[in-house]
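Reading through the structure tokens given below for one structure.
2 protein chains.
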Amino acid sequence: MKKNYNVAIVGLGQVGLYLHNELRIKKKEIEIKTGKKLQIVAISAKSINKKRKYKINKKIFYKNPFDIFKKNIDILIECIGLSDGVSKSIVERALKNKIHVITPNKALISKHGDKLSEIAEKNKVNLEYEASVGGGIPILRTIKEGLATNRISKVYGILNGTCNYILSEMEKTRESFKDVLKKAQLLGYAEPGNPKLDLNGYDALAKVRILSALSFNKKISNNNPLMEGIENIESKDFEIAEQLDLKIKLLGITEIIDNKLFERVHPCLVKNNTYIANVGGVMNAVILDGKPIGESVLQGEGAGPGPTSSALMSDLLSILRGNIKFPFGISSSKRKKVQIYDVNNYVNSLYLRFEVKDKPGVLSQITKQLARYKISVQRLIQIPDNAKKKASIIVITHNVKEYYSKKCVSSFKSNKNIIKKPIVIRLF
Amino acid sequence: MKKNYNVAIVGLGQVGLYLHNELRIKKKEIEIKTGKKLQIVAISAKSINKKRKYKINKKIFYKNPFDIFKKNIDILIECIGLSDGVSKSIVERALKNKIHVITPNKALISKHGDKLSEIAEKNKVNLEYEASVGGGIPILRTIKEGLATNRISKVYGILNGTCNYILSEMEKTRESFKDVLKKAQLLGYAEPGNPKLDLNGYDALAKVRILSALSFNKKISNNNPLMEGIENIESKDFEIAEQLDLKIKLLGITEIIDNKLFERVHPCLVKNNTYIANVGGVMNAVILDGKPIGESVLQGEGAGPGPTSSALMSDLLSILRGNIKFPFGISSSKRKKVQIYDVNNYVNSLYLRFEVKDKPGVLSQITKQLARYKISVQRLIQIPDNAKKKASIIVITHNVKEYYSKKCVSSFKSNKNIIKKPIVIRLF
Numbered sequence: 001m002k003k004n005y006n007v008a009i010v011g012l013g014q015v016g017l018y019l020h021n022e023l024r025i026k027k028k029e030i031e032i033k034t035g036k037k038l039q040i041v042a043i044s045a046k047s048i049n050k051k052r053k054y055k056i057n058k059k060i061f062y063k064n065p066f067d068i069f070k071k072n073i074d075i076l077i078e079c080i081g082l083s084d085g086v087s088k089s090i091v092e093r094a095l096k097n098k099i100h101v102i103t104p105n106k107a108l109i110s111k112h113g114d115k116l117s118e119i120a121e122k123n124k125v126n127l128e129y130e131a132s133v134g135g136g137i138p139i140l141r142t143i144k145e146g147l148a149t150n151r152i153s154k155v156y157g158i159l160n161g162t163c164n165y166i167l168s169e170m171e172k173t174r175e176s177f178k179d180v181l182k183k184a185q186l187l188g189y190a191e192p193g194n195p196k197l198d199l200n201g202y203d204a205l206a207k208v209r210i211l212s213a214l215s216f217n218k219k220i221s222n223n224n225p226l227m228e229g230i231e232n233i234e235s236k237d238f239e240i241a242e243q244l245d246l247k248i249k250l251l252g253i254t255e256i257i258d259n260k261l262f263e264r265v266h267p268c269l270v271k272n273n274t275y276i277a278n279v280g281g282v283m284n285a286v287i288l289d290g291k292p293i294g295e296s297v298l299q300g301e302g303a304g305p306g307p308t309s310s311a312l313m314s315d316l317l318s319i320l321r322g323n324i325k326f327p328f329g330i331s332s333s334k335r336k337k338v339q340i341y342d343v344n345n346y347v348n349s350l351y352l353r354f355e356v357k358d359k360p361g362v363l364s365q366i367t368k369q370l371a372r373y374k375i376s377v378q379r380l381i382q383i384p385d386n387a388k389k390k391a392s393i394i395v396i397t398h399n400v401k402e403y404y405s406k407k408c409v410s411s412f413k414s415n416k417n418i419i420k421k422p423i424v425i426r427l428f
Numbered sequence: 429m430k431k432n433y434n435v436a437i438v439g440l441g442q443v444g445l446y447l448h449n450e451l452r453i454k455k456k457e458i459e460i461k462t463g464k465k466l467q468i469v470a471i472s473a474k475s476i477n478k479k480r481k482y483k484i485n486k487k488i489f490y491k492n493p494f495d496i497f498k499k500n501i502d503i504l505i506e507c508i509g510l511s512d513g514v515s516k517s518i519v520e521r522a523l524k525n526k527i528h529v530i531t532p533n534k535a536l537i538s539k540h541g542d543k544l545s546e547i548a549e550k551n552k553v554n555l556e557y558e559a560s561v562g563g564g565i566p567i568l569r570t571i572k573e574g575l576a577t578n579r580i581s582k583v584y585g586i587l588n589g590t591c592n593y594i595l596s597e598m599e600k601t602r603e604s605f606k607d608v609l610k611k612a613q614l615l616g617y618a619e620p621g622n623p624k625l626d627l628n629g630y631d632a633l634a635k636v637r638i639l640s641a642l643s644f645n646k647k648i649s650n651n652n653p654l655m656e657g658i659e660n661i662e663s664k665d666f667e668i669a670e671q672l673d674l675k676i677k678l679l680g681i682t683e684i685i686d687n688k689l690f691e692r693v694h695p696c697l698v699k700n701n702t703y704i705a706n707v708g709g710v711m712n713a714v715i716l717d718g719k720p721i722g723e724s725v726l727q728g729e730g731a732g733p734g735p736t737s738s739a740l741m742s743d744l745l746s747i748l749r750g751n752i753k754f755p756f757g758i759s760s761s762k763r764k765k766v767q768i769y770d771v772n773n774y775v776n777s778l779y780l781r782f783e784v785k786d787k788p789g790v791l792s793q794i795t796k797q798l799a800r801y802k803i804s805v806q807r808l809i810q811i812p813d814n815a816k817k818k819a820s821i822i823v824i825t826h827n828v829k830e831y832y833s834k835k836c837v838s839s840f841k842s843n844k845n846i847i848k849k850p851i852v853i854r855l856f
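Here the protein sequences come in this chain order: C and W. Residue 1 is where the first sequence starts when you use our numbering, and the numbers rise one by one after that. Residue 429 is where the second sequence starts when you use our numbering, and the numbers rise one by one after that.
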């Protein structure tokens, strides 16, 4: 059996650099745990001379990431990011060259995971991506190994630390979304440049897709499921939630309904006394329903170079222990194609917030329209803003089909008394 | 590589029988996931004709468990239980015969795990025991693999479902310990015959020892650490805890202090708004502090044939995937001997409940004695029971060394005004 492994790291951003340092200081420990010797033989990043927190060996530095293939490499760690471009090409080329690949890149895996997995299987190498979901929480390994023979029916949770931090902070301070986002960016919890992919639910959805594929032994979905972010939530939503003993959380959810896959990401109102309501800050949490296991919960820090690096290291040790595994737990040929559940049939109780002009008859226009779409009202709260001659009208509905609620909400577009698109938050 | 695996199961109690059935119905799935074929070739239990929930094949039944070795076996699943006797002998013999072993037996592993692990390593077979801690929660695999290169400093949690059920139920109903225990026995949550090993903390301690060995890469400890059960807790303790916004939980805790191992199991008062306070019923939860991972939480059903079987199956798949692993994550020769932290130095705030005769001067006797042992009072509550001419005196202390609190508590023995040994619950 092979004793020495050569490693290349491409991408020396926060995660790549932290991992690079961990590999150096834990070399001995890795040897003790696996009996294998590790050597970093190539690194690549945009700039060789950028000021870095940890030292790098410039003798093994390559500006062009593809130049790493000049070296004899056993394991490639891809920390570039993005679903396409260099990261995809380099991972593909590595797998084809029988080089194991480790990546925290959820965009890449959720888009190209099926194809990459086939290439890895064909070339009998590992493609490991534990860090792509849940940061340091070993959730993928748990599904693939710890709960291997369970029949999983549902997985949901808080999958984006940035959003959870913003929601927790807005709840606590009642500051505006914009102000809290700024704070999150200063603290390094949100991308300074373009935080959109976190905020609009895209990041969580990529994780949901990966979780589905593993939990249900299916191919990765590529439809456009229900995806809503947190950008439109205002501090008044937290005030009302508090009155109702509820909290607002962005949840990613995947489940099998009538043998069909139903994936979604959207803000939810959850009861204050539930577990998920009390997962605050940048924490991530995943809840699984399985048989015979029952309900399982995993919680941990969802982001940051430390936790991500912990997950990458677990991938590395898995490779060094020398067992080639199917990247998605079972052979690609056995993974079925996904049938998608029609979101229009999704039934839920809703929180709707209307911002309206304070004029007579507006309330009746709203309730009439709701009735037209068979939406019955469980509770109604009107909060006047006399200074601005405005009011907020909050409606908690009984169960309503997504088909009707969507139609109903868009039907208000033409109503001049309704100042902006109603906010919809689903009760969980 | 080997393609066919022969399995023997000894012990067909609740767990063994459930697993036996799972193996039969999931044969195909296991083959898909691992590429290996499984056959149950021998089973053993006390009685062949006992009425069982699932059918067994009597042609492969052996009354004498050691007769299974007449068959050609690759994997032995030991579900007999107890730390010594048949379970120990049969596991030892199997390992020596180069047969992989899977067991949920925490008593066996926490007592003989070091020796068994050496035998397994010498014979290049696996010894897997995921089900011994945390029921279905894949906590051991998570420590060994998912968090492999983290520096873990502390692990604690709710490790005994029976005790957690009893405490949760007493809290909710305010029924007596005895009544709730009966209910737990009827529901199958507590042993009908001898529930002592659950109630006195022994079971949780066995799990703590296993967690320590894995988390800190040390040999299993065999000293007598602080171990207190829940048998003396009364419903009035819950009343007072509620007033103080606290909950009572039996926690197992292990941590490294000054390079020494400090293991303990005892009831704790935990703040109502903490995560651990809200883990109710038969649930188990484990919290780990590690670097760089930060705090991680795993929660799930802690007992019962379903969850246990899920863990046993994950062990089985790990073996079938064909990689021989060190039972404790690293080679036995690299695992250091444990140095033990002196419990007398343990500093804590305490809840003390005295049951006293309602006579003048008793309170002053107590406070005087506390002062003598340098125990300063943070809060004092006296609850009279006029009908019985008794009173309960509850003292919440400031931080006090275990050395003094132990001495102080036993000093009350000779005081005739104090009706029984004071109850001590540590604040967490």
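Beta carbons are placed, not taken as given, at the ideal position from N, Cα and C, and that holds for glycine.
| query | result |
| --- | --- |
| Using 10 angstroms around the beta-carbon of threonine 601 (chain W), count the other beta-carbons present and answer buried if the total reaches 16, otherwise exposed. | exposed |
| DSSP on glutamine 339 (chain C), reduced to helix/strand/coil? | coil |
| Starting from isoleucine 537 (chain W), trace the alpha helix (DSSP H) both ways and give me its first and last residue. | 534-550 |
| Between tyrosine 429 (chain W) and chain C, is any beta-carbon pair separated by less than 8 Å? | What sits at residue 429 (chain W) in the sequence shown is methionine, not tyrosine. Not an interface residue. |
| Anything in chain C within Cβ reach of glutamate 691 (chain W), meaning under 9 Å, just list it in chain order. | What glutamate 691 (chain W) touches in chain C: nothing, since even the nearest Cβ is about 23 Å away. |
| Compute the beta-carbon to beta-carbon distance between serine 833 (chain W) and leucine 778 (chain W), rounded to the nearest angstrom, for a pair I have assumed lies under 8 Å. | 6 Å |
| Count the other C-beta atoms from every protein chain shown that fall within 10 angstroms of the C-beta of glycine 146 (chain C), then say buried if there are 16 or more, exposed otherwise. | buried |
| Please report the residue range of the beta strand (DSSP E) in which isoleucine 809 (chain W) lies. | 805-813 |
| How should leucine 451 (chain W) be labelled, buried or exposed, when 16 other C-beta atoms within 10 angstroms of its C-beta is the threshold for buried? | buried |
| For asparagine 525 (chain W) and isoleucine 518 (chain W), what's the separation of their Cα atoms in angstroms? | 10 Å |
| Restricting to runs no shorter than 4 residues, where is the alpha helix (DSSP H) found entirely within the segment 772-849 of chain W? | 790-800, 830-839 |
| Taking only the alpha-carbon atoms, compute the straight-line gap between alanine 445 (chain W) and lysine 635 (chain W) and give it to the nearest angstrom. | Before going further, note that residue 445 (chain W) is leucine rather than alanine in the sequence given. One C-alpha to the other measures close to 23 Å. |
| Would you say proline 307 (chain C) reaches chain W, if we count a Cβ-Cβ gap shorter than 8 Å as a contact? | yes |
| Compare the Cα-Cα distances from lysine 664 (chain W) to each of W:Asp813, W:Arg692, W:Leu625 and report the closest residue. | W:Asp813 |
| Is the beta carbon of aspartate 786 (chain W) closer than 8 Å to that of alanine 815 (chain W)? | no |
| Against proline 720 (chain W), what residues of chain C qualify as contacts under a CB-to-CB distance less than 7 Å, listed in chain order? | Gly306, Pro307, Ser309, Ser310 |
| Would you kindly report the start and end of the unbroken alpha helix (DSSP H) that includes methionine 598 (chain W)? | 589-601 |
| Note down the Cα distance separating methionine 655 (chain W) from isoleucine 809 (chain W), rounded to an integer number of angstroms. | 27 Å |
| For the alpha helix (DSSP H) that contains glycine 16 (chain C), what are its first and last residues? | 14-25 |
| Sorted by chain position, which residues of the same chain lie with C-beta nearer than 7 Å to isoleucine 119 (chain C)'s C-beta, five sequence neighbours on each side aside? | Glu92, Leu95, Lys96 |
| Work out the CA separation of leucine 674 (chain W) and asparagine 272 (chain C) for me, nearest whole Å. | 18 Å |
| Residues of the segment 216-233 of chain C with a CB closer than 8 Å to any CB of chain W: list them in chain order, please. | none |
| Beta-carbon within less than 8 Å of cysteine 696 (chain W)'s beta-carbon, same chain only, minus the 5 sequence neighbours each way: which residues are those? | Ile676, Lys677, Leu678, Leu679, Ile853, Arg854, Leu855, Phe856 |
| Ordered along the chain, which non-local residues of its own chain (more than five positions away) have a Cβ less than 7 Å from that of valine 282 (chain C)? | Gly161, Asn164, Tyr165, Tyr189, Glu301, Gly302, Ala303 |
| Counting only Cβ pairs nearer than 8 Å, list the residues of chain C close to glycine 728 (chain W). | Ile293, Gly294, Glu295, Ser296, Val297 |
| Can a CB atom of chain W be found closer than 8 Å to the CB of glycine 201 (chain C)? | no |
| In terms of DSSP beta bridges, what is arginine 426 (chain C) paired with? | C:Cys268, C:Leu350 |
| Would you call valine 775 (chain W) buried or exposed, if buried means 16 or more other Cβ atoms sit within 10 Å of its Cβ? | exposed |
| Residues in the same chain with beta-carbon distance under 7 Å from leucine 595 (chain W), minus the five sequence neighbours each way, listed in chain order, please. | Ile658, Ile676, Lys677, Leu678 |
| Does DSSP put glutamate 228 (chain C) in a helix, a strand or coil? | coil |
| Could you name the residues of the same chain whose beta carbon sits closer than 7 Å to that of lysine 144 (chain C), not counting the 5 residues immediately before and after it, in chain order? | Leu214, Gly329 |
| For the beta strand (DSSP E) containing isoleucine 43 (chain C), name the first residue and the last one. | 37-44 |
| Below 8 Å CB to CB, which residues in the same chain sit around valine 805 (chain W) once its five sequence neighbours on both sides are set aside? | Thr795, Leu798, Val823, Ile824, Thr825, His826 |
| Where do the N-terminal and C-terminal ends of the beta strand (DSSP E) with threonine 254 (chain C) fall, by residue? | 246-257 |
| Going by the DSSP bridge assignment, what does aspartate 262 (chain C) pair with across the sheet? | According to the sequence displayed, residue 262 (chain C) carries phenylalanine and not aspartate. Looking at the DSSP assignment, phenylalanine 262 (chain C) forms a beta bridge with C:Glu255. |
| Could you list which residues in chain W have their beta carbon closer than 8 Å to that of glutamate 78 (chain C), in chain order? | The premise fails here: glutamate 78 (chain C) is roughly 19 Å from chain W at the closest Cβ pair, so nothing lies under 8 Å. |
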